[in-house]
Structure formats: structure tokens, C-alpha cells
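Trainee: Protein sequence lines, in the order shown, are assigned to chains G and D.
So the first sequence is numbered by the working numbering: it starts at 9 and just counts up by one.
So the second sequence is numbered by the working numbering: it starts at 9 and just counts up by one.
2 protein chains.
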Amino acid sequence: MAEDDKKPYHHGELRAALLAAAEAALVEMPLEAVSLREIARRAGVSHAAPKHHFSTLGGLFAEIAASGFERFVAALDGAADRQSDQSPAARLRAMARAYLRFAAGNRAAYALMFGKRVEMERSPQLTAAHIAAWSQLETAVAAIVGRERAVNGSLLVWSCCHGMAMLMLESQMPPHIDPQIAIESVTRMVIAGLQSDT
Amino acid sequence: MAEDDKKPYHHGELRAALLAAAEAALVEMPLEAVSLREIARRAGVSHAAPKHHFSTLGGLFAEIAASGFERFVAALDGAADRQSDQSPAARLRAMARAYLRFAAGNRAAYALMFGKRVEMERSPQLTAAHIAAWSQLETAVAAIVGRERAVNGSLLVWSCCHGMAMLMLESQMPPHIDPQIAIESVTRMVIAGLQSDT
DNA sequence: CTGTTTATCTTGACGATGTCAACATATTTT
DNA sequence: AAAATATGTTGACATCGTCAAGATAAACAG
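(1) Compute the distance between the beta-carbons of residue 33 of chain D and residue 21 of chain D, then report whether it is under 7 Å.
(2) At the level of alpha carbons, what is the spacing between residue 186 of chain G and residue 146 of chain D?
(3) My output table needs one value for residue 56 of chain D: the three-state DSSP class, helix, strand or coil.
(4) Compare the C-alpha of residue 50 of chain D against each of D/67, D/23 and D/76 and name the closest.
(5) Specify whether the stretch 158-167 of chain D and the stretch 84-98 of chain D touch according to this definition: at least 3 beta carbon pairs, one from each stretch, less than 8 Å apart.
(6) Look at the alpha carbon of residue 135 of chain D and the alpha carbon of residue 129 of chain D, and state the distance between them as a whole number of angstroms.
(7) Check whether the Cβ atoms of residue 81 of chain D and residue 140 of chain D lie closer than 7 Å to each other.
(8) Please report the Cβ distance between residue 199 of chain G and residue 100 of chain G, rounded to the nearest whole angstrom; I am assuming they are in contact, meaning their Cβ atoms lie under 8 Å.
(9) To the nearest angstrom, report how far apart residue 193 of chain G and residue 60 of chain D are at their CA atoms.
(10) Taking three-plus beta-carbon pairs below 8 Å as touching, is the stretch 64-84 of chain G in contact with the stretch 167-180 of chain G?
(11) Would you say residue 13 of chain G reaches chain D, if we count a Cβ-Cβ gap shorter than 7 Å as a contact?
(12) Check whether the Cβ atoms of residue 44 of chain G and residue 73 of chain G sit closer than 7 Å, and answer yes or no.
(13) What's the call for residue 38 of chain G, buried or exposed, on a 16-neighbour Cβ count within 10 Å?
(14) Buried or exposed for residue 58 of chain G, going by 16 or more other Cβ atoms inside 10 Å?
(15) Work out the CA separation of residue 169 of chain G and residue 84 of chain G for me, nearest whole Å.
(16) Tell me the rounded alpha-carbon separation between residue 195 of chain D and residue 105 of chain D.
(17) For my contact list, residue 69 of chain D and residue 125 of chain D are in at a C-beta cut-off of 8 Å; report their separation, rounded to the angstrom.
(18) Going by other Cβ atoms of all chains shown within 10 Å of its Cβ, with 16 needed for buried, is residue 167 of chain G buried or exposed?
(19) Indicate whether residue 103 of chain G and residue 117 of chain G have their beta-carbon atoms separated by less than 7 Å.
(20) Of all the residues that make up the stretch 184-206 of chain G, which are near chain D by a beta-carbon distance shorter than 7 Å?
(21) Can you grab the Cα-Cα spacing for the pair residue 149 of chain G / residue 181 of chain D, in whole Å?
(22) Output needed for residue 164 of chain G: all residues of its chain with C-beta closer than 7 Å, excluding positions within five of it in sequence on either side, in chain order.
(23) Taking all protein chains shown into account, decide if residue 162 of chain D is buried (16 or more other Cβ within 10 angstroms of its Cβ) or exposed.
(24) At least one CB of chain D closer than 7 Å to the CB of residue 58 of chain G: is that the case?
(25) Quick check on the burial criterion: 16 or more other C-beta atoms within 10 angstroms. Buried or exposed for residue 42 of chain D?
(26) DSSP three-state call for residue 37 of chain G: helix, strand or coil?
(27) So what does DSSP say about residue 42 of chain D, is it helix, strand or coil?
(28) Does the beta carbon of residue 197 of chain G fall short of 6 Å from some heavy atom of the ligand GTP?
(29) Please name the residue in D/67, D/107, D/30 and D/29 whose C-alpha comes closest to that of residue 142 of chain D.
(30) What does residue 167 of chain G touch in chain D if you count any residue whose Cβ is under 7 Å from its own?
(31) In chain D, what lies closer than 7 Å to residue 126 of chain G by C-beta?
(32) Which residue wins for smallest C-alpha separation from residue 110 of chain G, given the options G/132, G/131 and G/75?
(33) Ignore the nearest five residues each way along the sequence and tell me which others in residue 98 of chain D's own chain have a CB closer than 7 Å to its CB.
Have a look at this one:
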């Protein structure tokens, strides 16, 4: 109902508009180049307008990271649920695939979620989401190797997924590798490593 | 022989001093906070002095990344050589350990080497070092699984190491995990995954 | 040894940034 | 309707990277 207003002094939905503008900017330019002023510019407001909605640029980014975490956890949960009739190993593989698909499809959010740009400690919501994601994974791993080895096992899985995601996002993977095939192959080997004894 | 000079107009070793100041700054403050002016300040010169030695801040960082790569490749090579009488798997594990030790002991260099802060494409030397590191790893993996599977295998190892290194450096590992034990456990599982069939 | 050229460093400037304070305008509450 | 509050705008400040112009020392030519 507010799409055709010329230029109302009050935007009305500025908070949401800023988040949208930020996400749009984040797909078009590198993270470091996204400034508060740039976001304000894209939203069509003055450079200081965001102050009333986000105390700082980090705060805005933290909000994007938080919503990213929500979708992330949901994606992993969904992937596992869709395989609930399969073996624990199949469920874990589905989660790993979902992990990498999320990273590829939400590059900016992923970078904010796992980068140092937003300081996790500042937002209890963020740390909670982070821990939730971890224990989600740990549960899936425990179904395969038992609770005893779940800690180190989930670290293995997480490291692999995170590392691969980072290599992809920062385009540092060897160019001759097909991501799809690589994902299948690597997830298979990771699970084999999990299931090995010792 | 030049440590006690008062304030010679010409520094004499400014290029080296700037690199040293940058590395010092990088261990004391987050990467994004390290500015050219801060580096100049630490070196005791004016804010524009670095211009004559490094065209840009990125250029200075690129140099640090390049020297980091040299030490990195040497560390991996050395670790493998020291195990030359052991099995290929033992050699690869030694390399993985060396990888993570390097990351932990050269946080700033590692971040610059594998982050987006310095654009690899700009320096042929950097890309060469990067490729060298990869093929170094690929060779070690090929000794275990054959050349056929070496590509995907080395991606597995690299992803795990890189991911774990990143989690450590950005302090996003679950707090209750002992890094040393984790490294041993994860490298063992990774190699088991490599050796699994299919 | 003297004069000139060259490399290095300083100073001052520009536009851009994040953030704050002061002011303007709209919405909500009283 | 008036007052209080929320949400914009404008202007300022310090800091940043970078450039251009001047200052100073070193290297070099004769």
C-alpha cells in the first residue's frame, strides 16, 4: 500500500528496506566495500538515516547473520527430516549437502555468519543459533559413531564443510574441479572416515 | 649498525621496517583495523612514506602473503621429508599437522594468504605459490590413493585443514575442544576416509 | 670538491567512510 | 488540539587511502 508514494518524509519500512538493500549490495560487491552510506544510498535515504534502526554497521550485519542462521538451521533440519527413513549416514550426508548448498546460495550471509565481521559475543541470539547448529550436527554424527566420538566426529564434518565452503566462496578451489562431483565425493569420504574404527 | 640513529631524514631500511611493523600490528589488532597510516606510525615515519616502497596497502599485504607462502610450502615439505622413511599415510598426516601448526603460528600471514584481502590474480608469484602448495599436497595424497583419486582426495584433506584452521583462527570452535587432541583425531579420520574404497 | 640528478621522506590536500549532534517533520499519545 | 515521541535530514568531526608538491639526503658527474 506504500509502493507509489512519491517521497514521504517517513519511509515507513526503512528497517526492512535497509536490510534488503544491504543484502542486495552484498551480492553485487565484496563485503568490505559495502558501507553504511552505500546501503542508505540504495534505500534512497540520507546517510545517517540508518542510525535510528541500527546503532552501527556491525549491528546491521549482525541482523543479517542472525536471520541467515535461522534459515541455515532450518535448511539442515529440513534436509535431515526429508531422509528420516534412511540410514543415519544418509541423513548426515544430506545435511552436509544442505550445508554446502546453503553456503553457495547465501554467500553474503554465510560470510557474515562465520567471519569475524560481526562479533558473535555481542548477540546472545547469534551465539545461541551457532550452538544450536553445532549440536544439531553433533546429534546427527552421534547417530553414527555414538556420543563418545561425536565431538571429534562433528568437528571433522564441520571442518570439511566449512573449509570447502570457504574455498568455494573465496574462489580458491583448483579450477579444474566440478563442485557438484567434489561435494559428492568428499562427503562420501568424510562419512567413511567417521565410520572407521580406532 | 643503525639502531641508535636519532632521526635521520632517510630511514634506510624503511621497506623492511614497514613489513615488520605490519606483521607486528597484525598480531595485535584485527586485520581490518590495520591501516597504512597505522603501519607508518609504528615505523615512525609520515603517513605517506610507504608510497615509495609499496604502491598500495594491498601490495604490502601481498608481500606478506607471498613470504608466508614460501614458509608454508617449506614447512609442509620439511614435515614430509622428516617422515620420508614412514608410510605415505604417515607422511600425509605429518603434512596436515604442519599445515595446522603453521596456521596457528602465523595467523596473520595465513589470513592474508587465504583471505580475499589480497587478490591472488595480481601477483603471478602468489598464484604460483598457491598452485605449488596444492600440487605438493596432491602428490602426497596420490601416494596413498593413486593419481586417479588424488584430485578429490586432496580436496578432502585441504578442505578439512583449511576449515579447521579457519574455525581456530576465528575462534569459532566449540570451547570444550582441545585443539591438539582434535587435530590428531581429525587427521586420523581424514586419512581413514581417504583409504576407504568406492 | 662542487654542482646536479635521483631517491626518499614530509606536508598538505581530496574524497570517502562511520558516527555524532542539531534540527525538521511526521506519527502517536494525551 | 497540544505535547511527546519516532523517524528523517543536514552538517560536522576524525580517520582512512591516495595523490601532488615541496624538502632533504644520498649518489653521481665533472
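Idealized CB from N, CA, C, for every residue including glycine.
Predicted model, so just to flag it, every value in this text is computed and none were measured.
Mentor: Short version:
(1) no
(2) 16 Å
(3) coil
(4) D/23
(5) no
(6) 7 Å
(7) yes
(8) 6 Å
(9) 49 Å
(10) no
(11) Per-residue confidence for residue 13 of chain G stands at a pLDDT of 47, beneath the threshold of 50, marking its modelled position as unreliable; the derived number appears in the next sentence. Closer than 7 Å: no.
(12) no
(13) exposed
(14) buried
(15) 12 Å
(16) 8 Å
(17) 6 Å
(18) buried
(19) no
(20) 185, 190, 193, 194, 196, 197, 198, 200, 201, 202, 204 and 206
(21) 16 Å
(22) 198, 201 and 202
(23) buried
(24) no
(25) buried
(26) coil
(27) coil
(28) The model depicted lacks the ligand GTP and carries no ligand whatsoever.
(29) D/107
(30) 168, 171, 172, 175 and 194
(31) Ordered by position in chain D, no residue passes the 7 Å Cβ test against residue 126 of chain G, which lies about 11 Å from the chain.
(32) G/75
(33) 91
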